[in-house]
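Take the sequence shown: its letters are residues 1 to 205, numbered as in the UniProt record's numbering. Report on the following structure.
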Amino acid sequence: MPHSHQQRLQAVKKYTFAPRRPLRTNWTEVLPASDQIEYRLSTCPELCYGLFAEDIGLPAETLSRSIGLPAVVADGRGILLAHVIATKSLSAVVADADMAFPNNWKSNPDASATAGHQRAGKTVALHALAVSPAHQRAGLGTNLVKQYIGLMGQLGGVERISILTYDRLVPFYEKLGFELIGKSACNYGGIPWIDMSYSFMKTED
1 MPHSHQQRLQ AVKKYTFAPR RPLRTNWTEV LPASDQIEYR LSTCPELCYG
51 LFAEDIGLPA ETLSRSIGLP AVVADGRGIL LAHVIATKSL SAVVADADMA
101 FPNNWKSNPD ASATAGHQRA GKTVALHALA VSPAHQRAGL GTNLVKQYIG
151 LMGQLGGVER ISILTYDRLV PFYEKLGFEL IGKSACNYGG IPWIDMSYSF
201 MKTED
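Have a look at this one:
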């Protein structure tokens, strides 16, 4: 079994990457425990995707042993290496209301609310980009974001993807085509966030 970081990366490269698989609500057990995550996976799964390592015909448990990682997918089809989670927003940048969710969403999922996912929104608010610690700094986050941009660009009515990020991550997102907007007005978590946005709207010369 490979143990070092490089050995694990080499082992993963032998398998098929399938980034276009949506996440499911029953996978909250393998993602960070959070009511927010459960809400987002339940309310707008079409905006939440994972990057998986797969090998056709090989159970996830066997694949996980060959990579040296625990199996983290409930359906046995592969290993979840990275994921993105998002909602739609009526704002051009991510606002405090986008970070929240309705208290009664489980009992009344169809009720309209000012907090959380806005079905009529033209902005995809990207809340989470996470890569398995054992596979960070290997290009998987870049791979997934590029795939995600392509997927969101195919959705009707989506004008942009907006994110909240830290100063140190601005260069990473700029390389992927995101524009720096500036200091965010969002106070979520008491963190000094930076607004960035990837626009699908074409400008005319």
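Virtual Cβ for every residue (Gly too), placed ideally from N, Cα, C.
The beta strand (DSSP E) enclosing residue i, as first and last residue numbers
i: D195; result: I194 to S199
i: R40; result: Here R40 belongs to no beta strand (DSSP E); instead the alpha helix (DSSP H) covers D35 to T43.
Exposed unless 16 or more other CB atoms sit within 10 angstroms - verdict on residue i
i: K175; result: exposed
i: D110; result: exposed
i: L155; result: exposed
i: S34; result: exposed
i: A138; result: buried
i: I163; result: buried
i: S107; result: exposed
i: Y166; result: exposed
i: A185; result: exposed
Own chain partners of residue i with C-beta closer than 7 Å, once the 5 adjacent residues on each side are dropped
i: T28; result: Reliability of the predicted coordinates at T28 is poor, the pLDDT of 45 falling under 50, and the value obtained from them is presented with this limitation in mind. Contacts found: I37, E38 and L41.
i: A115; result: A97, A100, F101 and P102
i: M152; result: V124, V158 and I161
i: L140; result: L51, L81, A82 and V131
Contact under 8 Å by Cβ, residue i with residue j
i: K88; j: A125; result: yes
i: L90; j: G121; result: yes
i: I181; j: V94; result: no
i: V170; j: I149; result: no
i: A82; j: A130; result: yes
Collapsed DSSP secondary structure at residue i in the structure displayed
i: N187; result: coil
i: T142; result: helix
i: Y166; result: coil
i: E159; result: coil
i: G116; result: coil
i: A82; result: strand
i: G153; result: helix
i: A130; result: strand
i: L180; result: strand
i: L47; result: helix
Close Cβ partners of residue i (< 6 Å) along its chain, the five nearest in sequence each way excluded
i: T43; result: H117
i: E179; result: S197
i: A128; result: I85
i: V145; result: L176
i: W105; result: Y39
heavy atom of the ligand NAP below 7 Å from residue i C-beta
i: T123; result: The ligand NAP is absent from the structure shown, which contains no ligand whatsoever.
Range of the contiguous alpha helix (DSSP H) that encloses residue i
i: V170; result: V170 to K175
i: A97; result: D96 to M99
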